[in-house]
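Novice: Residue numbers (the numbering used here), protein chains in the order written: chain A, 1 to 350; chain B, 1001 to 1350.
Quick one: this structure, given as C-alpha cells, is what I'll be asking you about.
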C-alpha cells in the first residue's frame, strides 16, 4: 500500500483505509480496497436500505459509516431499495411514499451528525432496476443459481417463513446486480447481508462483471435488549419520537447494574463515541453531587470499565444516552415537511 | 350459444368452437370461449414454442391446430420463447440463431399443410418480455407465488432435476404473463403445460388481469415408441432429415403386428388423417397384389380396426407413413435458406 498523501482529501491511502473500515465487523476484499484507494481513480461505495418501517435510532450506525466514507473521499450511493422492500413483503401501493420519506430523512440525519452530503447520491431502486438490461441479467443469474443457493443467500435478510415466496429468493440476485448497475466498487451493509455479499462475489464474475469489495458492520442489539427492528414497536426509538417518548423508552431499557449485556453500551460504542471523538468532544454523564457528581468520558473503554465496576449506574447512563439521542434526532422530528412525509408513509405520527 | 352465421368466416359460432377444440385433450374455459366467439370481437390465441432442439415431425400436430385456429378466424400469435429456452437450459449465446430458425421454419411447415398465414404473427419472447412493465409484473407475481407452487407449476415442462435452478421456476410466471402481454384471449399448448395454465388462470386475476381460456392438445408418443423429444436423436424425425433417413427411422419404429400401442397410429390419427380429411383425400397404403393390393382409408377408425385385426401389416403402415412424411417435409428440407439457418442454429445438417 502506498503511503502518499492525497492532498485533495488530506489523507493518505492508509488513513483512508482505516477510516473506511473502522468499526466494521468484517471486510471481504481488503487488498482490493487498498488497490482501489491507491489507484487514484474515483471509488464508489453503495449502501442499500429498504423503505420498510420508519428508520430508528440504530440507523445512525450505518449512517456514521456513510459519514466515514464521505470523509475518506468516496462517492457514496444510497439505494432506496423499494422493489426489495416489496420482495420482502411491503405492500406495493405504499412503496413510493416510504421511499420518499427515506430519501427525505437520510440527508437530515447525516447533517445532524455533521456530514457534508455533496458526494452523496440517492438512487431509487425501481428506477434503476426496471430496465431491459437489468432484467436480462437477472434472468442470466437465475439460470446459474439454484433455488437452494438463492434461498440460502436470502435466509438472514428476507422474511422467508416456512413457505418462502419466489420473490424472497429473487431478492439476493437483484442485490448482487445492484453492485454492477450502481457502478459501485464497494457494497456496504450489516453483517446479516454476508450470504448475499458472498453470493454476489461468487456470481457476478460468471456473467462478466467484477467482484466487489464487501464491508459489513455489526448488528447492534436493540436498546431494550433485542435486535432493533422497525417492525416491533417497543424495540426501537423512532426518529419521530418525542423527547418524552425517548426518555421513557430509555428508562425501560433492560440494563442491569454492572452487566455488560445490554443495548446501551453498543450504541454508545458504535455511534455516540464515534461522533463525540470525531468532534473531539467528551460524553458527559450528569449526576447529582450526592451521587458523586458529573462524569466525563473521552473513550468508550473507560465508560465500559466504570460500568462493569458498577461505578456508573444504569439510570445515569440511560439519562445521558437519552439526552444525546434527543439532540441527534431533534432536526428530524422538528422538520415539518418530514413529518408530513412520515404521515403519508406510515399513517400517523407515532 | 348463438348459432348465427359469421359470413366473413363462413362459419357460425358452433362450427368455430368445434373446429378450435377438435382433437384436443382438454379445454379450460369452454364457456368463456363460446362467449368470446359470440361477441363478434377479434379473438386471439397464442402458442408459445421454445427454440430448443430442431423441431421434429410431431410439430405438425400443434401446427395443425394452429391451422384450425386460423381457419376459425382467430388471430394467431406464435411466441418464439427464447428467454424461456434459456431458463430451460439452452445456452444464451445460441438463442438468437435458434429463434431465427424457428421463425423461418414454422411458416413453411404451415404452408406445407395448406394454411393461409395472413393472420399469423410471430413474436420474439425477449423483445416483448424485456420491458420495465413486464419485469415489474413478474416481481409482483413473485411476491404472490411460493417457491413450492412455482416449482410445481414448472415441474412437467422445465428440466428441473434434483437441484432446480431459480430460472426454471421463474419460467411459469413468465408464461402466465405472456398471456397478458400478447393480449391473447386464449393460450394453446400441450397438456404437459396444464399446471402452468392453471397457475396462470389462478394468478393473473390477482394482479388485475383476466384469466384466459386454455386449450391443450395430447402429447403424442414418439414414432419409435417413446415421447418425441428434440434432445434424444433417435426418437425423432427431424424436419431436415433426408428421405432415406425418414424411411430408415420409420422402418425401425417399434410397432408389433396388431398391437395398438405404438407411435405410428397416434400420428396417423392426429396429424395425417386430419390433413387428409380437410383436403377430402384418403390415405393410401400401397401394397403388392400378392399381399392383397392397395388399401384406402377415409377415416382413422377404419385403419385402426384393420390394424388391430392384423389386416394391415406394420411394414405397410410404416411405408405409407414414411411416404406421407416425406411429402410433408419436402418443402422444409429443400429450402436452401432454411438449411443455412439450421446450420447456424445446430452446427450441421443432420
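Note that the Cβ used here is the ideal one computed from N, Cα and C, for glycine as well.
Check whether chain B comes within 7 Å of residue 135 (chain A), counting only Cβ atoms and requiring the distance to be less than that.
Specialist: Residue numbering aside, residue 135 (chain A) sits at position 135 when the first chain is read from its first letter. Chain B, which has a Cβ nearer than 7 Å to the Cβ of residue 135 (chain A), makes this yes.
Novice: State the Cα-Cα distance for the pair residue 1121 (chain B) and residue 1077 (chain B), rounded to the nearest angstrom.
Specialist: Position 121 of the second chain holds residue 1121 (chain B). Position 77 of the second chain holds residue 1077 (chain B). Each residue's alpha carbon lies about 5 Å from the other.
Novice: Measure the alpha-carbon distance for residue 193 (chain A) versus residue 157 (chain A) and round it to whole angstroms.
Specialist: Position 193 of the first chain, counted from the first residue, corresponds to residue 193 (chain A). Position 157 of the first chain, counted from the first residue, corresponds to residue 157 (chain A). Roughly 6 Å separates the two Cα atoms.
Novice: Below 8 Å between beta carbons is the criterion; list the residues of the region 65-87 of chain A that meet it against any residue of chain B, in chain order.
Specialist: 83, 86, 87
Novice: Against chain A, with Cβ distances strictly below 7 Å, would residue 1164 (chain B) count as a contact?
Specialist: As a first step, residue 1164 (chain B) is located in the second chain; it is residue number 164 there, counting from the start. Chain A contact via Cβ: present.
Novice: Quick one: list the residues of chain B neighbouring residue 132 (chain A), beta-carbon separation under 7 Å, in chain order.
Specialist: Within the first chain, residue 132 (chain A) is the residue found at index 132, counting from 1. Per Cβ cutoff of 7 Å: 1130, 1131.
Novice: How far does the alpha helix (DSSP H) with residue 91 (chain A) in it reach, from first residue to last?
Specialist: Looking up residue 91 (chain A) in the first chain gives position 91. Element bounds for residue 91 (chain A): n/a, residue is neither H nor E.
Novice: For residue 126 (chain A), report the span of its alpha helix (DSSP H) as first-last.
Specialist: Taking the first residue of the first chain as 1, we reach residue 126 (chain A) at position 126. Counting along the chain, the alpha helix (DSSP H) containing residue 126 (chain A) begins and ends at 125-129.
Novice: Quick check on residue 1004 (chain B): does DSSP put it in helix, strand or coil?
Specialist: As a position in the second chain, residue 1004 (chain B) is number 4, starting the count at 1. Because residue 1004 (chain B) carries a pLDDT of 43, less than 50, the predicted location of this residue cannot be relied on, and no value is offered for it.
Novice: Would you please verify whether the beta carbon of residue 1147 (chain B) is less than 7 Å from any beta carbon of chain A?
Specialist: For the purposes of this step, residue 1147 (chain B) is identified with residue 147 of the second chain, where counting begins at 1. At least one chain A Cβ lies under 7 Å of residue 1147 (chain B).
Novice: Quick one: which unbroken alpha helix (DSSP H) runs of 4-plus residues sit fully inside the region 1028-1098 of chain B? Chain order, please.
Specialist: 1030-1038, 1060-1071, 1082-1087
Novice: With DSSP run on the structure shown, which of helix, strand or coil describes residue 1297 (chain B)?
Specialist: Translated into the one-based positions of the second chain, residue 1297 (chain B) becomes position 297. Strand, per DSSP.
Novice: In chain B, which residues lie less than 8 Å from residue 142 (chain A) when you measure between Cβ atoms?
Specialist: As a working mapping, residue 142 (chain A) is identified with position 142 in the first chain. The contacting residues are 1087, 1165, 1166, 1167, 1170.
Novice: Does the count of Cβ pairs from the region 1085-1100 of chain B and the region 1299-1319 of chain B closer than 8 Å reach three?
Specialist: No: the two stretches stay apart, fewer than three of their Cβ pairs being nearer than 8 Å.
Novice: Does the region 125-133 of chain A come close enough to the region 1122-1132 of chain B that 3 or more CB-CB pairs lie under 8 Å?
Specialist: Taking 8 Å as the limit for Cβ pairs, the verdict is that the region 125-133 of chain A does touch the region 1122-1132 of chain B.
Novice: Write down every uninterrupted run of the alpha helix (DSSP H) in the region 1159-1227 of chain B whose length is 4 residues or greater and which is fully enclosed by it, in chain order.
Specialist: 1166-1181, 1194-1203
Novice: Is residue 1099 (chain B) closer than 7 Å to residue 1218 (chain B) when the C-beta atoms are compared?
Specialist: Numbered from 1 along the second chain, position 218 holds the residue referred to as residue 1218 (chain B). Numbered from 1 along the second chain, position 99 holds the residue referred to as residue 1099 (chain B). For residue 1218 (chain B) and residue 1099 (chain B), no; Cβs fall outside 7 Å.
Novice: Counting along the chain, where does the alpha helix (DSSP H) carrying residue 328 (chain A) start and finish?
Specialist: As a first step, residue 328 (chain A) is located in the first chain; it is residue number 328 there, counting from the start. Run containing residue 328 (chain A): 314-333, per the alpha helix (DSSP H) assignment.
Novice: Which word fits residue 1324 (chain B), buried or exposed, when buried means at least 16 other C-beta atoms lie within 10 angstroms of its C-beta?
Specialist: Position 324 of the second chain, counted from the first residue, corresponds to residue 1324 (chain B). Looking at its Cβ environment, which holds 16 or more other Cβ atoms inside 10 Å, residue 1324 (chain B) is buried.
Novice: In whole angstroms, what is the alpha-carbon distance linking residue 1159 (chain B) and residue 1125 (chain B)?
Specialist: Looking up residue 1159 (chain B) in the second chain gives position 159. Looking up residue 1125 (chain B) in the second chain gives position 125. For residue 1159 (chain B) and residue 1125 (chain B), the distance between alpha carbons rounds to 19 Å.
Novice: Is the CB of residue 308 (chain A) under 7 Å away from at least one CB in chain B?
Specialist: To locate residue 308 (chain A), count along the first chain from 1; it is residue 308. No, its Cβ sits nowhere closer than 7 Å to a Cβ of chain B.
Novice: Compare the C-beta of residue 176 (chain A) with all C-beta atoms of chain B and state if any pair is closer than 7 Å.
Specialist: Against the first chain, residue 176 (chain A) aligns to sequence position 176. By this cut-off, residue 176 (chain A) is not an interface position.
Novice: Short of 9 Å Cβ to Cβ, which residues in the region 1091-1107 of chain B face chain A?
Specialist: 1092
Novice: Would you report the Cα separation of residue 316 (chain A) and residue 281 (chain A), rounded to the nearest angstrom?
Specialist: Residue numbering aside, residue 316 (chain A) sits at position 316 when the first chain is read from its first letter. Residue numbering aside, residue 281 (chain A) sits at position 281 when the first chain is read from its first letter. Distance between the alpha carbons of residue 316 (chain A) and residue 281 (chain A): 19 Å.
Novice: Return no unless some Cβ of chain A is closer than 7 Å to the Cβ of residue 1150 (chain B).
Specialist: Counted from its first residue, the second chain places residue 1150 (chain B) at position 150. Proximity of residue 1150 (chain B) to chain A, defined by a Cβ-Cβ separation below 7 Å, is satisfied.
Novice: By Cβ distance below 8 Å, which residues in the same chain neighbour residue 1293 (chain B) in space, the five residues on each side in sequence not counted?
Specialist: Position 293 of the second chain, counted from the start, is the residue given in the question as residue 1293 (chain B). So the list reads 1287, once near-sequence residues are dropped.
Novice: In its own chain, which residues sit with a C-beta less than 7 Å from the C-beta of residue 243 (chain A), not counting the 5 before and 5 after it?
Specialist: Locating residue 243 (chain A) in the first chain gives position 243, where the first residue counts as 1. Within the same chain, residue 243 (chain A) has close Cβ partners 326.
Novice: Would you kindly work out how many angstroms separate the C-alpha atoms of residue 196 (chain A) and residue 341 (chain A), rounded to a whole number?
Specialist: Counting from one through the first chain, the residue named residue 196 (chain A) turns up at place 196. Counting from one through the first chain, the residue named residue 341 (chain A) turns up at place 341. The straight-line gap from Cα to Cα measures roughly 31 Å.
Novice: Counting pairs of beta carbons, one from the region 110-120 of chain A and one from the region 1101-1115 of chain B, are three or more of them closer than 8 Å?
Specialist: no
Novice: Quick one: list the residues of chain B neighbouring residue 182 (chain A), beta-carbon separation under 8 Å, in chain order.
Specialist: On the first chain, position 182 is the one that residue 182 (chain A) refers to. Near residue 182 (chain A) there are no residues of chain B at all, since even the closest Cβ is about 18 Å away, more than 8 Å.
Novice: Return the CA-CA distance between residue 1264 (chain B) and residue 1178 (chain B), expressed in angstroms with no decimal places.
Specialist: The residue labelled residue 1264 (chain B) in the question sits at position 264 within the second chain. The residue labelled residue 1178 (chain B) in the question sits at position 178 within the second chain. Straight-line Cα distance between these residues: approximately 34 Å.
Novice: Per DSSP, residue 1284 (chain B) is paired with what?
Specialist: Locating residue 1284 (chain B) in the second chain gives position 284, counting from the first residue. Answer is B:1296.
Novice: Which bits of chain B does residue 139 (chain A) rub up against, with CB to CB less than 8 Å?
Specialist: Counted from its first residue, the first chain places residue 139 (chain A) at position 139. 1083, 1086, 1087, 1167, 1170, listed in chain order.
Novice: List the DSSP bridge partners of residue 122 (chain A).
Specialist: Here the question's residue 122 (chain A) lines up with position 122 in the first chain. Its beta-bridge partners are A:78.
Novice: For my contact list, residue 43 (chain A) and residue 74 (chain A) are in at a C-beta cut-off of 8 Å; report their separation, rounded to the angstrom.
Specialist: The residue you call residue 43 (chain A) lines up with position 43 of the first chain. The residue you call residue 74 (chain A) lines up with position 74 of the first chain. Contact holds; Cβ gap of about 5 Å.
Novice: Taking Cβ positions, are residue 145 (chain A) and residue 1166 (chain B) nearer each other than 7 Å?
Specialist: On the first chain, position 145 is the one that residue 145 (chain A) refers to. On the second chain, position 166 is the one that residue 1166 (chain B) refers to. Yes. Within cutoff.
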